[in-house]
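Let me begin by presenting the structure, written as structure tokens, before commenting on it.
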Amino acid sequence: MSADLAVSTSHVVVAPMLAALATAVATLATRRYGDVQRVLSLLGIGAYGAFVVLLTGTVLSGGTLTYQLSAWPAPFGITLVADALAVFMLSLAALVTVAILAYSVAYVGDQGQRVSYHPLFHFMLLGVSGSFLTGDVFNLFVWFEVMLMPSYVFVVFYSGPRHTAAALQYTVLNLVGSALMLVAIGGLYATTGTLNMADLARRLADPAAFGIDPAPVLGLSAILFIVFALKAGIVPFQFWVPPAYRAAPAPISAFLAGVTKKVGVYAIVRLYFTVFAVGAVEGGLGLPGLSGGSFLAFFGPVLFLMALASMLVGGIGAVSRDNLDDVFAYSSIGQVGFIVLPLGVVATVGDHSLGAPVTDLQVLGIVAALVYSLNHAVAKSLLFMVSGAVHDIAGTIELDRLGGITTRYPVLAGSFFVGSLALIGIPPLSGFFGKLLVFDTGGRALAAGAPGAGLALAGALVGAIFTIAYLSRTWTKAFWGGVTPVVENGTRSVVLVAVVAALALVVVAIGIGFDPVYSFAESAAEAALDTEAYVDAVDPEVVTHE
Amino acid sequence: MTQVVLAAVLGLLFALGTFLILRRDVVRVVWGVSIISQAANVYLVTMGGLSGQAPVLGHDGGHPVACTVPDAGAGCITDPLVQALVLTAIVIGFGTTAFALVLTYRLYEEHGTLDLGEVTVE
Chain A
6 MSADLAVSTS
16 HVVVAPMLAA
26 LATAVATLAT
36 RRYGDVQRVL
46 SLLGIGAYGA
56 FVVLLTGTVL
66 SGGTLTYQLS
76 AWPAPFGITL
86 VADALAVFML
96 SLAALVTVAI
106 LAYSVAYVGD
116 QGQRVSYHPL
126 FHFMLLGVSG
136 SFLTGDVFNL
146 FVWFEVMLMP
156 SYVFVVFYSG
166 PRHTAAALQY
176 TVLNLVGSAL
186 MLVAIGGLYA
196 TTGTLNMADL
206 ARRLADPAAF
216 GIDPAPVLGL
226 SAILFIVFAL
236 KAGIVPFQFW
246 VPPAYRAAPA
256 PISAFLAGVT
266 KKVGVYAIVR
276 LYFTVFAVGA
286 VEGGLGLPGL
296 SGGSFLAFFG
306 PVLFLMALAS
316 MLVGGIGAVS
326 RDNLDDVFAY
336 SSIGQVGFIV
346 LPLGVVATVG
356 DHSLGAPVTD
366 LQVLGIVAAL
376 VYSLNHAVAK
386 SLLFMVSGAV
396 HDIAGTIELD
406 RLGGITTRYP
416 VLAGSFFVGS
426 LALIGIPPLS
436 GFFGKLLVFD
446 TGGRALAAGA
456 PGAGLALAGA
466 LVGAIFTIAY
476 LSRTWTKAFW
486 GGVTPVVENG
496 TRSVVLVAVV
506 AALALVVVAI
516 GIGFDPVYSF
526 AESAAEAALD
536 TEAYVDAVDP
546 EVVTHE
Chain B
1384 MTQVVLAAVL
1394 GLLFALGTFL
1404 ILRRDVVRVV
1414 WGVSIISQAA
1424 NVYLVTMGGL
1434 SGQAPVLGHD
1444 GGHPVACTVP
1454 DAGAGCITDP
1464 LVQALVLTAI
1474 VIGFGTTAFA
1484 LVLTYRLYEE
1494 HGTLDLGEVT
1504 VE
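Chains as they are written, first to last, in this note's numbering: chain A, 6 to 551; chain B, 1384 to 1505.
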């Protein structure tokens, strides 16, 4: 290959994905030897974590890395991009999945582990990592499918009446979502002539030069947005969440709520704040109630309203549920509202066009969403795993039949307490900073005169009060009070409680040592908003024709 | 003319798929999902342009330009990339359809019915 076509290929970018893929295959090959399989699986997740740490270190010290598959220059080949935002999400995934896998080894039955659990777990992790790293819209669709296929099987894992029904609903919904995604991607290719995200951003920034009409691109990106909202479980695409989370094994509910949901959030930040943000429809959108012509002038209010609705639906739903998993599932819907709200607030603030200076408020909004995602990933997986441990002890997670867990199992109850306080946002836990940043974004937007900022603050306050209400209700009904027979006669597994307690320590550690987490999230947010640097890093060739 | 016919067929396929997904019979729902994903595939192929020549290098003797490129001119070729995309999508759709059918069978075993009105999530 000639020198001018030499492209950057940093192999460390694909290292986490290779670790997940190799482990998936290895655990599939050793499915007859249970112990070997478990050891390989744990070694594999260890390698995954180590590679993510290595990649994160390299990216944070040396800047964005790209991997052009087979050294085909962008936009012709498949591009993988590891920038600060991608490695932030990868670190989040690695942190949570290491704990989840350690828990799974003790939680999932022997038969289940041998047949399918470990290979599927690593394939799902592969899909998640691919979605975070890819720099190509169609490739994103493929990684989404890689991530979804194992999740279908996990929802039907116990294959009882309830599980098959939930899995059917989950599968059909996501298949329709995939078809919609294909339609949107095909349309984007036809209107913009590219699938590479960096190339897409460059073309949208100067549509006239590439013969692009921005109006259909806005419509197609809105169809794509539905798919991501479905994955993230934002209202009105939230209805699949409670049955699916309840049907899946507890560690998988932790995975789905902690990590898979964040893939939807990541895709929204990456595509709508890095790529589509530079697009604008000349002469305004022409839609009632919306001013300005930029794409974000449309997505900002949409995100904002969906976030408010999520906080309300999640909060009201969680207050009235009668088992732990349903409370946590509705809580996930509400908490995703908190993640998306700052995005909606800052979307309409300032100028997002290519090369425009990034304001502090824009960065703050993305930082708030990222920090809240991290907090929710750790705290919610902790709570789902507490629910699993309670089921392991008492054989039920119905609030009516539980009670007195604080007396019999203080460590388990203490971990639940720490996780709840983190979701509520009590200092010095991780959740405090998440909530603080969300309110700070709202406050500063209000001071800057952004429309709807007051409503955002009020909505976040109502959402926070709901969070306190449903978590204290769960605490009083299930953990406090007299010891019920099911709790009295149960036995606990040391490993399950140890993993949950370790995650509770992580929640405390993130809160106390928040400074490095904040600067990591800040560089991730700057990477998300700096479209110019993203395009420069990928460096798509300019296609010329006579 | 081809465009009009294909647009009408695509519209019909999406409508039929949606209609079937809204039925109570699980097998019809799975049919609906497959029809919608096939409709998406056909739609993808049409996105490469219908009027161009076969995408063979040197077919026209000159430098080939895809019809999706603005001002491509008369001798443009049909964009071959979308066909590669569709192949990937077909393979994925094949896997998901197989899974959905197996899931339907398990649902029937667990509930003894394929009527969604009698299958409850709770």
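Positions of the beta carbon are idealized from the N, C-alpha and C atoms, including for glycine. Owing to the predicted nature of the structure, the values given are computational and were not obtained by experimental measurement.
- Under the 10 Å beta carbon count, Gly1500/B is surrounded by fewer than 16 other beta carbons and is classified as exposed.
- Not one beta carbon of chain B lies nearer than 8 Å to the beta carbon of Leu308/A.
- Your pair Gly297/A and Gly289/A checks out as a contact, with CB atoms roughly 7 Å apart and the cut at 8 Å.
- For chain B, the residues of the segment 162-191 of chain A that bring a beta carbon within less than 9 Å of one of its beta carbons are Ser164, Gly165, Pro166, Arg167, His168, Thr169, Ala170, Ala171, Ala172, Leu173, Gln174, Thr176, Val177, Asn179, Leu180, Val181, Ser183, Ala184, Leu185, Met186, Leu187, Val188, Ile190, Gly191, in chain order.
- For a Cβ distance threshold of 7 Å, residue set Ile1475 of chain B lies close to Glu150/A, ordered along the chain.
- Residue environment analysis places Tyr38/A among the exposed positions, since fewer than 16 neighbouring C-beta atoms fall within 10 angstroms of its C-beta.
- Here the alpha carbons of Gly135/A and Ala272/A stand approximately 12 Å from one another.
- Thr197/A is positioned such that its CB atom lies closer than 8 Å to that of Ile217/A.
- In the three-state DSSP reduction, Asn144/A falls in the helix class (H, G or I).
- Cβ-Cβ distances below 6 Å link Ala52/A to Ala24 in the same chain, with the five nearest sequence neighbours on each side left out; the list follows chain order.
- Annotation: the segment 148-213 of chain A contains the following complete segments of the alpha helix (DSSP H) (minimum length 4 residues), in chain order: 166-197, 202-210.
- Remark: three or more beta-carbon pairs, one from each stretch, lie closer than 8 Å, so the segment 133-152 of chain A and the segment 86-106 of chain A are flagged as touching.
- Separation of Val522/A and Ile515/A (C-alpha to C-alpha, rounded to the nearest whole angstrom) is 7 Å.
- Looking from the CA of Gly1394/B, the closest CA among Val188/A, Leu60/A, Ile431/A belongs to Val188/A.
- Counting along the chain, Tyr122/A sits inside no beta strand (DSSP E), nor does DSSP assign it H or E at all.
- Here Gly408/A really is in contact with Val492/A; their C-beta atoms are around 7 Å apart, less than 8 Å.
- If you draw a straight line from the Cα of Ser425/A to the Cα of Ala27/A, it comes to about 36 Å.
- With a beta-carbon spacing of about 34 Å, Ala206/A and Val103/A fall beyond the 8 Å limit used to define contacts.
- The beta carbon of Ile1404/B sits closer than 8 Å to some beta carbon of chain A.
- Neighbours of Thr1479/B in chain A, taken as residues at a C-beta separation under 9 Å, are given in chain order as Glu150, Leu153, Met154, Tyr157, Thr176, Asn179, Leu180, Ser183.
- In summary, Arg208/A is buried, with 16 or more beta-carbon neighbours lying within 10 Å of its beta-carbon over all protein chains present.
- Under the Cβ distance rule, Arg1407/B does not count among the residues neighbouring chain A, no pair being separated by less than 8 Å.
- Apart from sequence neighbours up to five positions away, the residues of its chain that approach Ala506/A with a beta-carbon distance below 7 Å are Val416, Ser420, ordered along the chain.
- For the pair of segments examined, the segment 498-512 of chain A was found not to touch the segment 476-488 of chain A: the number of CB pairs separated by less than 8 Å stays below three.
- For Leu225/A, no beta strand (DSSP E) segment is defined; the enclosing uninterrupted segment is the alpha helix (DSSP H) at 219-237.
- From the listed residues Gly1495/B, Val1465/B, Leu1396/B, the smallest Cα separation to Val1428/B is found for Val1465/B.
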